[in-house]
Every structure is written in structure tokens, then in C-alpha cells.
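Remarks on the structure that follows.
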Amino acid sequence: SHKSSKREWKPLEDHSCTDVPWLLLFILFCIGMGFICGFSIATGAAARLLSGYDSYGNICGQKNVKVEGIVNSGLDLTHKKYVFFLDPCNIDLVHQKIKSIALCVSACPRKELKTLADVQKFAETNGSTLCSYELQPSEYTTDHRAVKLCPKYPVPESAPIPFFHRCAPVNISCYAKFAEALITFVSDSSVLHRLISGVMTSKEIILGLCLLSLVLSMILMVIIRYISRVLVWILTILVILGSLGGTGVLWWLYAKRRMSAGALETQIAKDNLQALLIYAIAATVFTVILFLIMLIMRKRVALTIALFHVAGKVFIHLPLLVFQPFWTFFVLILFWTYWITVLLFLGTTGNPVPNEEGFVEFRMAGPLKYMWWYHIVGLIWISEFILACQQMTVAGAVVTYYFTREKRNLPFTPILASVNRLVCYHLGTVAKGSFIITLVKIPRMILMYIHTQLKGKENACARCMLKACICCLWCLEKCLTYLNQNAYTATAINSTNFCTSAKDAFVILVENALRVAAINTVGDFMLFLGKVLIVCSTGLAGIMLLNYQRDYTIWVLPLIIVCLFAFLVAHCFLSIYEMVVDVLFLCFAIDTKYNDGSPGREFYMDKVLMEFVENSRKSMKEAGRGGGAEGRELKPMVGADEE
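Just so we're aligned: 470 in this note's numbering is position 440 of the sequence shown, and the numbers increase by one with no gaps anywhere.
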């Protein structure tokens, strides 16, 4: 019977907890993350990070314990609260640290000191000794060790960094070399200065344009349902013109070469002619295939347009959906801040050990060395978990909207209801889904790390293999993300476990494979056009506003910043749109599979989708029963009960 072969989909009838063991595992993992943070604070890493420490292992601003085998350790530095680097501009980019002796001092030099005599005078008047501890201020100008143990002069004017007690040069040009190492094309620092000053002078414009891109994205969310048909036509025309134009040009070149070829044919000319012929034939075949695909897909494009239309309605009924990316982004920023703080703590955790130069470094001993790895896995898993929570929330809200017959009876805020359901019932499912993505992401990251480390050392074959592996893992990750999204939708509808949901969703997607392809290609391209539209309009507005500045080099950076921001904003908003369309499609596929519009089995769908189904049925009847792909595709909808 039908019941045994296929589990019925019962939209929103019962709610049960799903994947509880995975939730417990995730909670245990989070407790582990908390333990790492607690451990690094307990071992004094937080004090070292906040108060700062010198090259001899002393923490500034407190009494210290002597380290074996290190001179100048175990000093009482209660009055010396600031860390001062003797050569602050000597930055080692490879190890990401300042290559310089660090000392604790009682005050940062607030004006430039040009000679050792100035340093001595500063020490006598301010009581802040900038040379190493073993030199007395009176010996600065007389002792021969002063060259090594005193700061490199001129000593730049410095100010303490708030909260971190480090003296940092006020003039950032000291770090210009550091910036140049990052930006190789800026050879002279005057260009860099002009670019930075350009950004500073037009900060109001940049802010205004960023706001404009936000507003444009919101407007586009509302309008896209009305212009989706136009976008599809633009896309079709572009594809047709592009492919025909390309083929035509190739044949024309071939003909022209053929005519001009005289008797004095060289072998190279013959080869060129041959190559042109092959290209032209390949382009023709490609164009023909493209036209065939477009003919097959034209019906399914109608479904994409209908779904976009309904998605627009969803946003009008659930306006809070638009703000979903903001919350996700806010939570991610909070988590990343915490993660980076703990990472910095981990960098200063461990026992003091002398290094080659006779200074102190902090290294972890034993199994604690591997806390880094745990911490990095935590970054990926928890970030994926937060993103998956967003997917589940959106899916829950859209499912509620779709399967509520009377839209007046929708809960006051379906989004909050959806969040509530997620927290009460489905956190385990989300943890499991995000863990699967993490499992694919980590090997890819390891391979990418190996790839960057081996640059220039490995042979071409190995490089090719690595790239192929990275590419395969990336594709797998994308497919899994798409499947996860649909599994979350299935969980929101049926309250089933992750694996069951993924299987059910997969079956439905395979049954509608052609439609899925159409929605993903056409839909994604429409959204891409939307992004391009937003970036172009923001960029245009930027050019018009920045026009008053005649120095064109200054334009570059503000415009790049604005366009990047516009693209990010558009991507955030339109990815929500994409999610809504995917969820709607799965709901639509389930709806057409189990309902046929007869009494007692009425459709849940919107009028626009109803029209699409009616048209499909009409064309199916015209084509004769089962004639053409459309007939095969809609059969399960009509004969769902007779299975």
C-alpha cells in the first residue's frame, strides 16, 4: 500500500525533539571550548595579554617570579605599566610578531627623541628608562653596551594603546613598510598616503553610499517579483545573442582566412586554419545543445518565475525575514570576537622557556599543544551551526506560511514562532547538519594550507592533484549545503530526524530533477543580475558624488570599498531570497505530490502556482496522456493514491 512504501508528509501536525544525542555532543563540545578559555585565563595568559610582558618574561605592572636561567627576570615592575619596543617598526611578517626587545617602562615617549642624550634627558625628567634594565640613566651616553640595549633612534613619538598597555608609534608611516609588504604595488608611500587621505576626506560619502546599497537591496527584495519575468527574458536574449554571435564570428574568421590563403601555404598557417575550423564546429555544436536545453527548460522557467513571485509575497507577509541576515551577522561577529580573544590568550599561554637569543618565549608542554586544533574545529563548527540556525529559522517560517490555508490565521510573528520551535525541538538536527559540513571543510582547509606552504617547491603533477582534491571537496561541500537546506525544511515540516529528513527531501528532489536544475540555474542567474544591478547603481552614484574631487587616484579606494560593501549587502539579502525560493519549491513539490485539488485533498499553494499547475495540466492533455517530459513529470501528482 501507499503508506508502507512512502511515509506520508504531515505538515506541521506534531512537533517532537530531533537528534537529541547530537545536541548533547554539541553542548559537550561547547563546554570544551569554555574550558580552553578558562584554562588560558587561569594560567595567567589574560594578564600577560592585557598588561603586556617584556622579553625577559616579566608581566608589566606587578611583581614577578624568577625564571631559571634568565637574567632580568623576577623584577618588581609595579610602577612600570607600559610595554615599550626598542625597534617597534621591525615587523616579522612570517611569524606575525615584532622582532625587537620589549621592556616595561613607566611612560611612553610623547615626543620624538633624536639622540641618546635625549633618551637620557627623558629618563631623568620623566623617570621613564627606555634602555634595558641593567643600564642606569647616567650610563646611557658613556657605556658601550648602549648601542644594543637602547632604543633605535630617532625614537618615534608614541602613545599607549587603550586597554592593552603597549606603546605604539603615533605616526603610522612607520608601518608603511609593513603595508607595502602587503600591498606590493604601492612603491612610494606618497601614493599610499594619498589613497588613505582620500578615504578619510570622503568618509561621509562612503557611509552614505553604504546606506544607499542597503536601501537598494531592500527595495530590490520587494520589486524582484515584478521584474523576474523581465530578468528571465534579458537572460535568454543575452545567452542567444552571445552564443550566436560567438559562432558567427568564428565561421567568418575561418571563411576570411580560407579566402586569403594563397598558394604559399606554410605548415603553421594550415594548422591555424584547422584549429579555427575545429573551434567553429565546437561552437556550433555548443549553440545547438544550448538551444535544445532552452527548449526543454522553457516550461520549467515558468515555475521559477511563479516561485519568485510567491517569494515576494512571503516577504510582504513576513517582513522580519529581511532582518534575518543582520541577526546572524551580529551573532557571528560576537562569536568571532570571543574566538579571536581566546586565540590571543592561547598565544601567550604556557611555561616560560629561554629561546636562542636568551629571551623568554611561552610554549605549551605535552597534550595541551593540541588545544589549537580543538579551537580551530570549534571556529568552523560553531560558525556553521549559527548559519544553519538561520537556515532552519527561515525554513520554519516559510513552511508555516505555505501550509497555513488561511493567511489571516498566521501566528503574530511566524519568525519568532519558528525560532521558538528551533530552540525547543530541532537544535540537535542543526548541530548534526553543521557537523557534516565541518567534516568536509576541515580536510579542504588542510589541503589549502599544504598548497600555500608548498608554493614553488612541488612539481606540476602534485600541484594539479592538490587543486583537483580541493575542487572536489568544494563541490561536495556545496552539494551538501544544498541538501542540508532541504533536510532542514523537511525537519520543519515533519519533525523527523536529520537522516530521515535528508532522505525524504532527496527523493523529492530527484523526482523533480529537471525543475531543480531550472530553478538553480535560472534563479541563481536572476539573483546574480540583481547583485550586479545593486553594485552598478551604487558605483554609479559613487562616481557622481566623488566627481567633485579632481584627483582621480583618490577615487579608487573609496569606490572599491563601496562596491565591495554593496556586493556583500546584496549577497546577504539575496541569499535569504534564494533560501526562501528553495524552501517554497520543496513545499510545492510535496504539495503537488500528495494533493490533487480534489475535495479533501485541496492544494495549499498560492494562486500564482495554481495557475502554473493548471497550465501544465492543459499542455499535458494537449500532448496526449504521458506525451513529453511534462506528462511524466506530473503523473505522480495525479496518481498519488493509486500507487
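For each residue, glycine too, the CB sits at the ideal point set by N, CA and C. Source: prediction; values computed, not measured.
So, residue i versus residue j, is the Cβ gap smaller than 7 Å?
i: G572; j: V592; result: yes
i: A517; j: A543; result: no
i: A77; j: I61; result: no
i: N94; j: G104; result: yes
i: V18; j: L587; result: Absent from the structure is residue 18, since the part of the chain shown begins at 31 and ends at 673.
i: H456; j: T48; result: yes
i: C134; j: D84; result: yes
i: A425; j: A522; result: yes
i: L280; j: A313; result: yes
i: L10; j: T519; result: Any answer about residue 10 is impossible in this case: the structure gives the chain only from 31 up to 673.
i: S130; j: K110; result: no
i: Y170; j: V149; result: yes
i: I590; j: T334; result: no
i: R330; j: R545; result: yes
i: T277; j: T231; result: no
Keeping to the same chain, check which residues put their C-beta closer than 7 Å to that of residue i; ignore five residues upstream and five downstream.
i: L244; result: V599
i: V428; result: V344, V610, V613, L614
i: L639; result: A336, V340, F618
i: V565; result: C593, A596, F597, A600
i: D636; result: V340, K343
Kindly give me the distance between the Cβ atoms of residue i and residue j, rounded to whole angstroms, as I take these residues to be in contact under 8 Å.
i: M394; j: G380; result: 4 Å
i: Y183; j: L146; result: 7 Å
i: G87; j: L107; result: About 11 Å; that fails the 8 Å criterion.
i: S6; j: M556; result: Because the chain here runs from 31 to 673, residue 6 falls outside it and cannot be looked at.
i: Y432; j: P444; result: The pair is not a contact, with the Cβ atoms about 11 Å apart (cut-off 8 Å).
i: T468; j: W411; result: 5 Å
i: P382; j: V562; result: Rounded, the Cβ-Cβ distance is 55 Å, inconsistent with contact.
i: V4; j: E187; result: Lying before the first or after the last residue shown, residue 4 is absent from the chain, which here runs from 31 to 673.
i: H405; j: L373; result: 7 Å
How many angstroms separate the CA atom of residue i from the CA atom of residue j?
i: I226; j: N156; result: 35 Å
i: G463; j: Y512; result: 11 Å
i: F321; j: K300; result: 32 Å
i: F415; j: L250; result: 29 Å
i: S217; j: V390; result: Its pLDDT being 47, under 50, S217 is placed unreliably by the model, and the measurement read from it follows with that caveat. So the alpha carbons of these two residues sit roughly 36 Å apart.
i: F115; j: I191; result: 13 Å
i: T367; j: I66; result: 15 Å
i: M475; j: H339; result: 39 Å
i: I79; j: W369; result: Residue identity check: residue 79 is Leu in the sequence provided, not Ile. Computed Cα separation, rounded: 15 Å.
i: G458; j: L503; result: 25 Å
i: G560; j: I480; result: 37 Å
i: M324; j: P629; result: 37 Å
i: G569; j: K485; result: 36 Å
i: G275; j: C499; result: 36 Å
i: L398; j: T371; result: 18 Å
i: S525; j: V113; result: 57 Å
i: E652; j: E644; result: 12 Å
i: L42; j: L261; result: 35 Å
i: M327; j: S46; result: 40 Å
i: I267; j: F558; result: 16 Å
i: M422; j: L348; result: 15 Å
i: N577; j: R224; result: 17 Å
i: L350; j: I620; result: 26 Å
i: M495; j: T358; result: 36 Å
i: A492; j: E608; result: 37 Å
i: I346; j: T530; result: 32 Å
i: S290; j: T296; result: 13 Å
i: K40; j: W52; result: 24 Å
i: H100; j: R175; result: Sequence inspection shows Ile at residue 100; the His mentioned does not correspond to that position. Those two C-alpha atoms are separated by around 18 Å.
Tell me which residues share the same chain as residue i and place their Cβ nearer than 8 Å to its Cβ, disregarding the 5 neighbours each side in the sequence.
i: L506; result: V470
i: F215; result: Legend: pLDDT at F215 = 46, less than 50; position of this residue unreliable, no value from coordinates given.
i: L477; result: L496, C499, I500, L503
Can you find the residues in the same chain that come closer than 6 Å, C-beta to C-beta, to residue i, ignoring five residues on each side of it along the sequence?
i: L179; result: C161, S162, L165
i: A418; result: V460, G463, S464
i: A153; result: T159, P167
i: S70; result: F375, L376, T379
i: M63; result: G408
i: P181; result: L116, L160
i: N625; result: R631, F633
i: A132; result: D84, S85, V113, F115
i: I22; result: This structure leaves residue 22 out entirely; the chain is present only between 31 and 673.
Suppose only complete runs of 4+ residues qualify. What are the alpha helix (DSSP H) ranges in the region 250-338, listed by chain order? none
Every unbroken beta strand (DSSP E) within the region 529-612, with a cutoff of 3 residues, ordered by chain:
none
Review point. Could you give the uninterrupted runs of the alpha helix (DSSP H) lying entirely in the region 55-85, keeping only those of 4 residues or more?
Key: 75-81
#### Entry: Continuous beta strand (DSSP E) assignments of at least 3 residues falling wholly in the region 119-180
132-135
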